Amino acid sequence: MYFGLKEFLNLLKWSLFTNNPLTKLVLVGGNPCSSYVGNSTSSISPLISSNSGKTHTLKLLVQKSNKKLLCAQVKNLFVEMLFSFLTIPLGAAIHLTKDDSSPSGISNLYNSISSLGDEKCLKSKDIKTMLLYPKVAPRYRRVTDFLPIYKENTRPGLFLKEKAPFMVSNDLEIIASPSIATFSKFNTLGVPVGDMEVVEGSFGKHEALLLLKASLTSTSALTDIVNSSRKKPKVESST
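See the structure below:
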């Protein structure tokens with residue numbers, strides 16, 4: 002089998018979705034994002050409520066009949082957190098979010114570092130630490146306190162210019178929007194207005210880590226988290 006850049010990228014993607022990435026690469030190939038979407042967040046707690054620590058609120062536009070989240074109205078803080086996901090090394094993301102009850106190829110790869118280090122295969126303990134606990138690059142300042150990834154002396158910073166409301170789609174696409182009423186972009190599936198409701202949600206450190214995990218393995222990150230709720234959300238109003 003020829004193994005080039007295309008195959009490497011597909012193997013990387015499969016390693017996030019499944020526990021047998023090599024088999025999937027050989028038998029399926031292609032792009033796992035379009036051919037395989039697992040229920041990767043089945044054990045994840047909801048955005049709807051946070052059990053501890055400081056939390057912030059957001060508004061979720063939900064389809065009542067199937068509890069599918071159409072979009073969310075959020076403030077800068079939430080968008081800053083989402084953008085910070087792009088600055089986190091993959092090894093650090095796996096360390097923060099890995100779930101031994103539902104391992105993936107990339108989590109198995111991460112776990113193998115410990116055994117290789119114990120057998121003296123790695124060049125040094127520093128290499129082992131670097132692979133297991135990689136840090137955010139120094140040029141990225143701390144934009145959120147919800148992710149335990151920054152060094153203590155990391156200076157605060159921002160990605161966005163000024164405060165403004167934003168809309169975030171189910172698959173984490175972000176647009177600037179003045180109001181949750183402006184949801185025409187997300188209403189392309191023909192969901193009746195009477196089948197929609199606005200619910201109030203909250204997020205904190207726990208939810209940030211869960212959303213990080215979902216963003217790596219799901220194309221419906223927000224819905225996956227909301228659907229796992231054990232607590233009925235508070236209905237704010239109907240639209």
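Quick note: the sequence shown uses the working numbering, first residue 2, plus one each step.
Just so you know, even glycine gets a beta-carbon here, dropped at the ideal spot from N, CA and C.
On a predicted model such as this, the values are computed, not experimentally measured, just so you know.
Per the contact definition of three or more C-beta pairs closer than 8 Å, is the stretch 161-176 in contact with the stretch 203-223? When C-beta atoms of the stretch 203-223 are compared with those of the stretch 161-176, three or more pairs fall below 8 Å, so the two segments count as touching.
Helix, strand or coil for residue 84, going by three-state DSSP, please let me know. Looking at residue 84 - three-state DSSP - the assignment turns out to be helix.
Mind checking residue 122: buried by the 16 CB within 10 Å criterion, or exposed? Under this definition residue 122 is an exposed residue.
Own chain residues within Cβ distance below 6 Å of residue 84, not counting five before or after: 160
Name the residue from 97, 28, 140 and 166 whose alpha carbon lies nearest to the alpha carbon of residue 252. Within the shown structure, residues of the chain are numbered from 2 to 240, placing residue 252 beyond reach of any answer.
Below 8 Å CB to CB, which residues in the same chain sit around residue 167 once its five sequence neighbours on both sides are set aside? 74, 75, 76, 77, 79, 80, 175, 176, 177 and 178
By how many angstroms is the C-alpha of residue 128 removed from the C-alpha of residue 192? 52 Å
Is DSSP giving residue 59 helix, strand or coil here? strand
Would you identify the three-state DSSP class for residue 243, choosing helix, strand or coil? With the chain covering only 2 through 240, there is no way to say anything about residue 243.
Which partner residues of residue 197 appear in the DSSP bridge assignment? 64
Taking residue 165 as part of the alpha helix (DSSP H), name the residues at either end of that continuous run. Unbroken run through residue 165: none, as it is neither H nor E.
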